[in-house]
């Protein structure tokens, strides 16, 4: 029986492990934390209050993740569709996005929101039309590399999007998607995410939320599925290094001390296997390759990739339902905060009938991290007081998580450095939300898809079996027809412009790149 060792018990590692163990391979998952789950892990803090990393939204475009959950026996009531999303402006006024009453095909379902965004300003309306047509026209298969070289902010500027539209509508979305400002994020990444999250289906405008903690709802069923298929999980076990067994193969993993003070396997133990998957977050993978002396060649390109900090703070305010039925929203032009979640209205395990539990996120805050956790919590409370006067009491408790290096940064030009699932070593594979994926899918879906692709590559080598990866939603016939027409018009206008400039003889049409 072929042996596989997987470093990392997050979503990508568990996906690969379940797929491999289901088909008879001998699988061992090594997780340095006290529990599996990665970004989906949940636990109780020193006060006994429940906390988690801050991953809440599930979208219809997560086809492979939803399929995996169903096969692992995740409860049918695990997800609940959001009733709305609140936009909190700096002055305290609030705009709520509600689901539409009529079913409309893509992209027609965006028109009501399009009209509200532009208001009565004709310049904004014209800029929004131009930007929206550019978004609809985008095709990741042909345009990604070129548009990855520019930031999304500069792309919007080139289409006349002014400051009001940018700050109120585009910047909040980009920060919620990429956890950084549109001035640093790749235009290709944002446009690809628009297609993946928003443009393909009306239901994608509002997320679904977990009705309980992610550890018990998602992670534990996946681990149970793995164990039932004969797989093994070793928590509190840190992979110190990958040990080579020749020029092009990995022989085994050298184990180190457990993280967070957990009991660990003996330091220095060598665990051998036939195939290996590194399914860690970006910074941990970079460190592992560096300690192993493998940060060279194609694997050395990973050092060019960066991370972006995320601050997650959960407050317990005394008093039940202080914010009514509110569930989630984002802040527009606030000094510190970007998004909020009233988790006591979302998740059963948080609800106690005594407190209103609010979780807030701040993105792109590298300059504020030296202030320390107490100061960060005070900055968050200051923004919350401005946005919600109802929260006029001091929280009885709070928990601050500072993720300095957990989240990959999709900066302009970063796409060229993303690694493939298969590496230059013939038995080493990579998986995670920072690994190359075609067609482009994002966040949890990318973690699942890359885990599935890695499992497929290992299965093909071991037993000649490949796995089917479900494609992302296509948007429907009207959506595809509109994009084809727009791309045809763009090519025609480009050819006419070249002809007028006298450039047609210099650059044959087949050689021109669509931008």
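Residue numbers (the numbering used here): 14 to 528. Using N, Cα and C, we set each Cβ at its ideal position, and we do this for glycine too.
- Here the region 229-239 makes contact with the region 46-57; the two share three or more CB pairs at distances below 8 Å.
- The beta-carbon distance between residue 350 and residue 375, rounded to whole angstroms, is 5 Å. This is short enough to meet the 8 Å contact definition.
- Annotation for residue 247: 43 place their beta carbon closer than 6 Å to its own, counting only its chain and skipping 5 residues before and after.
- Taking 8 Å as the cut-off, the Cβ atoms of residue 463 and residue 444 count as close.
- Where residue 205 is concerned, the enclosing alpha helix (DSSP H) starts and stops at 200-206.
- From the listed residues 108, 57, 162 and 336, the smallest Cα separation to residue 357 is found for 336.
- When 208, 491, 28 and 427 are compared, the shortest CA-CA separation from residue 198 is found for 427.
- Beta bridge pairing from DSSP links residue 368 with 331.
- Looking at the DSSP output, residue 442 shares a beta bridge with 290 and 435.
- Secondary structure note for residue 460: it is in no beta strand (DSSP E), and the uninterrupted alpha helix (DSSP H) holding it is 456-476.
- Residue 372 and residue 214 have their C-alpha atoms roughly 28 Å apart.
- As computed with DSSP, residue 223 is found in a beta bridge with 92.
- In terms of Cα proximity to residue 175, the closest of 191, 193, 138 and 161 is 138.
- Per DSSP, reduced to three states, the secondary structure at residue 39 is strand.
- Pairwise C-beta distances place the region 196-210 out of contact with the region 378-389, as fewer than three of them are shorter than 8 Å.
- For residue 29 and residue 76, the gap between their C-alpha atoms comes out near 16 Å.
- In the DSSP assignment, residue 110 falls within the unbroken beta strand (DSSP E) covering 107-110.
- For the 8 Å CB-CB criterion, residue 262 and residue 103 do not form a contact.
- The alpha-carbon of residue 332 is positioned some 23 Å away from that of residue 223.
- For residue 170, no beta strand (DSSP E) run applies; the uninterrupted alpha helix (DSSP H) run containing it begins and ends at 165-170, by DSSP.
- Annotation: the continuous alpha helix (DSSP H) that includes residue 299 extends over 295-304.
- Minimum Cα-Cα distance from residue 225 among the listed residues 216, 325 and 69 corresponds to 69.
- DSSP places residue 425 outside any beta strand (DSSP E), giving it a letter other than H or E.
- In the DSSP assignment, residue 238 falls within the alpha helix (DSSP H) that extends over 233-241.
- Per the coordinates, the alpha-carbon of residue 379 lies some 40 Å from the alpha-carbon of residue 244.
- Around the CB of residue 184, 16 or more other CB atoms lie within 10 Å, so the residue is classed as buried.
- Between residue 255 and residue 301, the gap from beta carbon to beta carbon is short of 8 Å.
- Ranked by Cα distance from residue 62, the options 408, 492 and 495 are led by 408.
- Excluding its 5 nearest sequence neighbours in each direction, residue 459 has C-beta neighbours in its own chain below 6 Å: 446 and 450, listed in chain order.
- DSSP places residue 362 in the coil class of the three-state scheme, outside both helix and strand.
- For residue 267, the beta-bridge partners assigned by DSSP are 254 and 283.
- Here residue 55 carries a strand assignment [DSSP, helix/strand/coil].
- Taking a C-beta distance under 8 Å as the contact criterion, residue 268 and residue 252 qualify as a contact pair.
- In this structure, the alpha-carbon of residue 487 lies about 21 Å from that of residue 94.
- Taking residue 402 as reference, the option from 105, 83 and 180 with the minimal CA-CA separation is 105.
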